[in-house]
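Heads up: the structure comes next, in structure tokens.
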Amino acid sequence: MEQAKVYVITSGKGGVGKTTISANIGSALAMRGYNVCLIDADIGLKNLDLVLGLENRIVYTILDVVKGQRSVTEALVKHKIMKNLNLLASSQIANKDMISPEDMVRIINELSKHFHYILIDSPAGIERGFKNAVVAAQHAIIVTTPDLTAISDADRVIGLLENNGYTDKNMSLIVNRIKPKMVQKNEMVSPEDIQSALAINLMGIVPDSEEIIISTNQGKPLALEDDKKMSTIFNNIAARISGDMIPVGEDLKNFKENSEGISGFFKRVFGGR
Ligand SMILES: Nc1ncnc2c1ncn2[C@@H]1O[C@H](COP(=O)(O)OP(=O)(O)O)[C@@H](O)[C@H]1O
Ligand SMILES: [Mg+2]
Numbered sequence: 541m542e543q544a545k546v547y548v549i550t551s552g553k554g555g556v557g558k559t560t561i562s563a564n565i566g567s568a569l570a571m572r573g574y575n576v577c578l579i580d581a582d583i584g585l586k587n588l589d590l591v592l593g594l595e596n597r598i599v600y601t602i603l604d605v606v607k608g609q610r611s612v613t614e615a616l617v618k619h620k621i622m623k624n625l626n627l628l629a630s631s632q633i634a635n636k637d638m639i640s641p642e643d644m645v646r647i648i649n650e651l652s653k654h655f656h657y658i659l660i661d662s663p664a665g666i667e668r669g670f671k672n673a674v675v676a677a678q679h680a681i682i683v684t685t686p687d688l689t690a691i692s693d694a695d696r697v698i699g700l701l702e703n704n705g706y707t708d709k710n711m712s713l714i715v716n717r718i719k720p721k722m723v724q725k726n727e728m729v730s731p732e733d734i735q736s737a738l739a740i741n742l743m744g745i746v747p748d749s750e751e752i753i754i755s756t757n758q759g760k761p762l763a764l765e766d767d768k769k770m771s772t773i774f775n776n777i778a779a780r781i782s783g784d785m786i787p788v789g790e791d792l793k794n795f796k797e798n799s800e801g802i803s804g805f806f807k808r809v810f811g812g813r
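Residue numbers (our numbering): 541 to 813.
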């Protein structure tokens, strides 16, 4: 197998949806037949293991690998249904000094031989562990919600990523928790406005949705349920990652929060493209 493509999913502010988006893009790529490894580099409220429904299956974590007690392949946990989706879990007890950027590079180099895609769920830019998460990736996905604090923190994290060698060629934006109706009424900033403020490529638009809350609580990624409106969006993002040209305007097409509102939203944001 060729070397894996390595993506880090990060943000300026915490709680904007990095873990949710990592799990769902990873699942969507796995459903497309790729071998995918998710690395949990964030210790947050909802960890990747919970969102994937794997919390009871974890035996070893990244810390066991760093300490040399397990090989990285021994430490991986396979998804219960998607066997080509793997997780390297984070350690709840590790502190930032226990894992170095060099450890991370070594782990990713080893994993790269076995996977098509490696996705690293990173801590927010201000948090510990950020440097570890970004050092070994080739592409950064910055997640923001449409509120000013998140956008301004995203701007700051883009600066941090630039200091770590990233450019606008390998950084992309996902705007999460969009409410099309509010955008249409000018009560919420549009994804297009956020993109032009941050000046990086827009990779996806994810609406605010109860489906996300339900799937997260059940530990069942949306990619497993093709009747869900949201699964199309993550499929689109996975398709873009694997090289298909799907316009970002497609993302909200099936998302009928209010059909009149949606068409108005499209006209306004995408100019009827
Ligand atoms: N598009 C969305 N619609 C509704 N809820 C969402 C959405 N994205 C994330 N959430 C919820 O927001 C919370 C924070 O998401 P999470 O992925 O844990 O953020 P982060 O990893 O950036 O801290 C979770 O409870 C999650 O279910
Ligand atoms: Mg998280």
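Every residue gets a Cβ at the ideal spot worked out from N, C-alpha and C, and that includes glycine.
These numbers come from a predicted model, not from an experiment.
beta-carbon residue i near ligand 1 non-hydrogen atom, thresh 7 Å
i      : result
ILE753 : yes
ASP580 : no
LEU594 : no
ASN672 : no
SER630 : no
VAL556 : yes
ASN703 : no
THR601 : no
SER551 : yes
ARG717 : yes
THR684 : no
THR613 : no
THR772 : no
THR689 : no
Bounding residues of the alpha helix (DSSP H) (the contiguous stretch that carries residue i)
i      : result
MET549 : Checking the sequence, you will find Ile at residue 549 rather than Met. No alpha helix (DSSP H) contains ILE549, which is instead part of the beta strand (DSSP E) from 545 to 550.
THR756 : 750 to 758
ASP604 : 602 to 606
THR685 : Here THR685 belongs to no alpha helix (DSSP H), and DSSP marks it neither H nor E.
GLY566 : 558 to 571
SER509 : In the structure as shown, the chain begins at 541 and stops at 813. Residue 509 is therefore absent and cannot be evaluated.
GLY722 : Reading off the sequence, residue 722 comes out as Met, not Gly. Taken as a continuous stretch (DSSP letters only), the alpha helix (DSSP H) holding MET722 covers 720 to 724.
ASP580 : First-last for ASP580: 576 to 580, but that is the beta strand (DSSP E), not the alpha helix (DSSP H).
ASP733 : 731 to 738
ASP643 : 641 to 652
LEU590 : 588 to 591
Residue i Cβ short of 7 Å to ligand 2 heavy atom set
i      : result
THR559 : yes
ASP748 : no
ASP661 : yes
GLY584 : yes
Beta carbon of residue i nearer than 8 Å to that of residue j
i      : j      : result
LEU627 : LEU585 : no
VAL548 : THR685 : no
ASN672 : ALA581 : yes
ILE745 : ASP693 : no
VAL546 : ALA676 : yes
ILE658 : ILE666 : no
GLY759 : LEU616 : no
VAL606 : ILE639 : yes
PHE774 : ILE583 : no
ARG610 : ASP604 : yes
ALA763 : MET571 : yes
ILE656 : THR613 : The sequence shown places His at residue 656, not Ile. Not closer than 8 Å, so no.
SER551 : ALA664 : yes
LEU592 : HIS619 : yes
VAL788 : LEU742 : yes
CB-CB length for residue i against residue j, believed under 8 Å
i      : j      : result
ALA739 : ASP708 : 7 Å
LEU569 : ILE781 : 7 Å
ASP748 : ILE718 : 6 Å
VAL683 : ILE579 : Contact flag wrong, Cβ pair sits at about 16 Å.
SER567 : THR601 : The pair is not a contact, with the Cβ atoms about 21 Å apart (cut-off 8 Å).
THR689 : LYS558 : Their Cβ separation, rounded to whole angstroms, is 16 Å, which puts THR689 and LYS558 out of contact at 8 Å.
ALA680 : ASN726 : With a Cβ gap of about 30 Å, ALA680 and ASN726 do not count as contacting.
ILE734 : ILE691 : 6 Å
Bounding residues of the beta strand (DSSP E) (the contiguous stretch that carries residue i)
i      : result
LEU628 : 625 to 628
ASN741 : 741 to 747
VAL661 : It is Asp, not Val, that sits at residue 661 in the sequence shown. Taken as a continuous stretch (DSSP letters only), the beta strand (DSSP E) holding ASP661 covers 657 to 661.
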